[in-house]
Amino acid sequence: MKSLDEKRLQKSRILIIGDLMLDKHLWGEVERISPEAPVPVVDVIRETMVPGGASNVANNVVGLGARAVVCGVIGRDSDGALLTSLLQEKGIETEGLVEDASRPTTVKTRVIAHNQHVVRIDKEKRSPLSGEVTTALWERIRAVRDHISGVIIEDYGKGVVTPGLIKDIISLFQGVPIAVDPKEAHYLMYKGATVMTPNHHEAGRMYGKRIETREDLLTVGDGIMNDLSLQALIITLGKDGMSLFLRNGEVFLIPTVAREEFDVTGAGDTVIAVLSTMLAAGFDFGQASAISNVAAGIVVEQPGVVPIGLGQLKERLKDERIIIEKVRG
Ligand SMILES: Nc1ncnc2c1ncn2[C@@H]1O[C@H](COP(=O)(O)OP(=O)(O)OP(=O)(O)O)[C@@H](O)[C@H]1O
Ligand SMILES: [Mg+2]
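Residue numbers (our numbering): 813 to 1141.
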């Protein structure tokens, strides 16, 4: 296998298009019940804010030492300005962001009292973008397209990724690996993308068959490969790792070397970020998948949403033997 050296990774410039979010946590304590209503009063001690959604994917890409450009929509509000500056602090290129005055920046705020998640407050508008904003976004995508070595479509169904935009992206970036974290309702729109990374629930729902056995997995994987003419398909299997389908009919299972499980949030983001960065750096699908599986394993061992770091990943790849089981082909 090629080595995971910094120079090779620094040459990758990954474009991430999709739904951006700001993840806020309010950490506090409860000592009394409100006099206004029978609810607890949380005294906030600490507040943390990190880029979420497609911006967490970008965060994982720069964690590997590669370059990341984000294209998506924020509101014309203080949260949008905050998200932009958080991204810039991490060295993520933000000229692809479009301000939309008609919607708020998507923010998910979790209130945690005494380490108990009390409530989550979502601020978002999920309707599709207006024609005007879609046009502005498309112009930004075209403006940053030079020297892009990988594209990620991060589709959470919040309105940024529309069927028309998917089609335009796929034709604009012919020859560049395009990886998709899919929204089920857009299933057939991804035809012509390079690789897709649904989890097994999403894959089952997209193809209309629940995955319960290995046979189901093969049926669904083959079906999706056929329907979308992908070059490769990764169906992630949570604690069981991932499966990889290739165009020549080969199928592999890559198990996790599950150590401790702490927090699985963000594991899917790590998979697609690492996969794309490695494909852009010249690794093949088998190698890129196996590396992304190891990276996701590291991320689930840590509390909260943490991006992968190149140092950690290299360390783990050194002392872990990668197991890839060929199940067909
Ligand atoms: N319990 C676990 N132990 C070890 N590795 C795990 C565990 N859960 C997930 N992973 C790793 O993370 C990858 C992605 O996990 P999963 O299949 O849960 O994706 P997902 O549901 O898309 O995640 P997300 O909620 O972040 O979108 C797996 O392929 C595996 O490498
Ligand atoms: Mg996912």
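Just so you know, even glycine gets a beta-carbon here, dropped at the ideal spot from N, CA and C. Owing to the predicted nature of the structure, the values given are computational and were not obtained by experimental measurement.
Considering only the alpha carbon of each residue, which of the options lies closest to residue i?
i: SER1104; options: ARG1071, GLU1073, ILE1066 and LYS1138; result: ILE1066
i: SER824; options: GLY1116, VAL862, PRO847 and ALA870; result: ALA870
i: LYS970; options: SER961, ASP980, LYS935 and ILE953; result: LYS935
i: VAL873; options: LYS1126, VAL1139, LEU1122 and GLY1141; result: LEU1122
i: ILE886; options: GLY1050, LEU899 and LEU1087; result: LEU899
i: HIS1148; options: GLY1004, GLY1094, MET1054 and VAL973; result: As displayed, the chain neither begins before 813 nor continues past 1141, which places residue 1148 out of reach and without an answer.
i: ASN1011; options: ALA955, PRO989, SER1041 and GLY1078; result: GLY1078
i: VAL1076; options: GLU818, GLY1016, VAL1112 and GLU966; result: VAL1112
i: PRO989; options: SER815, VAL862 and ASP1096; result: ASP1096
i: SER1210; options: ASP1028, THR860, GLU843 and THR896; result: The structure shown does not extend to residue 1210, since the chain spans only 813 to 1141, so no value can be given for it.
i: ASP967; options: ILE1110, MET1008 and GLN1114; result: MET1008
i: ARG1059; options: GLN1043, LEU1049, THR1048 and ILE1047; result: GLN1043
i: VAL881; options: ALA1107, ALA1085 and LYS1126; result: ALA1085
i: ILE1120; options: GLY903, GLY1094, ASP1131 and VAL1083; result: VAL1083
i: ILE857; options: ARG1128, GLY865 and GLU843; result: GLU843
i: LEU1087; options: ILE1047, VAL1117 and PRO1115; result: ILE1047
Residues in its own chain within less than 6 Å of residue i by CB, not counting five upstream and five downstream?
i: MET1090; result: ALA1100 and ILE1103
i: LYS937; result: ARG915
i: CYS883; result: ILE829, GLY908, ARG952 and ILE953
i: PHE1180; result: The shown model of the chain, from 813 to 1141, leaves out residue 1180, and the question about it has no answer.
i: GLN822; result: GLY877
i: TYR999; result: MET1018
i: ILE1134; result: ALA1102
i: ASP855; result: GLY840 and GLU841
i: LYS995; result: ASP967 and GLY969
i: VAL992; result: ILE965, TYR1002, ALA1005 and MET1008
Give me, in chain order, the residues of the same chain whose beta-carbon lies closer than 8 Å to that of residue i; leave out the 5 immediate sequence neighbours on both sides.
i: ARG957; result: LEU827, LEU984 and PHE985
i: LEU941; result: VAL885, ASP912, LEU949, GLY971, VAL972 and THR974
i: MET1001; result: PRO975, ILE978 and LYS979
i: ARG1026; result: VAL1139
i: ALA1127; result: Per the sequence presented here, residue 1127 reads as Glu, with Ala not at that position. Same-chain partners within the cutoff: there are none.
For the beta strand (DSSP E) containing residue i, name the first residue and the last one.
i: MET861; result: 852-865
i: ILE981; result: Counting along the chain, ILE981 falls outside any beta strand (DSSP E), though it belongs to the alpha helix (DSSP H) covering 975-984.
i: ILE829; result: 825-830
i: VAL1083; result: From DSSP, VAL1083 is part of no beta strand (DSSP E) but of the alpha helix (DSSP H) over 1079-1092.
i: VAL881; result: 879-887
i: VAL1111; result: Element bounds for VAL1111: not the beta strand (DSSP E) but the alpha helix (DSSP H), 1097-1112.
i: ASP912; result: 905-912
Can you check DSSP and say which residues form a bridge with residue i?
i: VAL923; result: LEU838 and VAL931
i: ALA1044; result: VAL1007 and LEU1058
i: ASP993; result: GLU966
i: LYS1138; result: PHE1064
i: MET833; result: GLY864
i: ILE845; result: PRO852
Return the Cβ separation of residue i and residue j in integer angstroms, given the expectation that the two are a contact with Cβ distance under 8 Å.
i: SER961; j: ALA1092; result: 4 Å
i: VAL923; j: LEU838; result: 5 Å
i: GLY1016; j: GLY1141; result: That pair is no contact at about 22 Å.
i: ALA1107; j: LEU1125; result: 5 Å
i: VAL945; j: VAL910; result: 6 Å
i: LYS920; j: LYS836; result: 7 Å
i: GLY875; j: LEU832; result: So it is not a contact: roughly 17 Å between Cβ atoms.
If you follow the alpha helix (DSSP H) that residue i is part of, which residue opens it and which one closes it?
i: GLY1123; result: 1122-1131
i: ARG1017; result: 1012-1019
i: LEU949; result: 943-955
i: LEU1000; result: Premise fails: LEU1000 is in no alpha helix (DSSP H) and is neither H nor E.
i: LYS819; result: 818-822
i: SER815; result: Segment: none, SER815 is in no alpha helix (DSSP H) and carries neither H nor E.
i: ASP891; result: 890-901
Taking 9 Å as the CB-CB cut-off, is residue i touching chain C?
i: GLU1072; result: In summary, chain C is missing from the structure at hand, where a single protein chain is found.
Who are the near neighbours of residue i in its chain, counting only those whose CB is closer than 7 Å to its CB and skipping five residues on each side?
i: GLY1145; result: As shown, the chain starts at 813 and ends at 1141. That puts residue 1145 outside it, with no answer to give.
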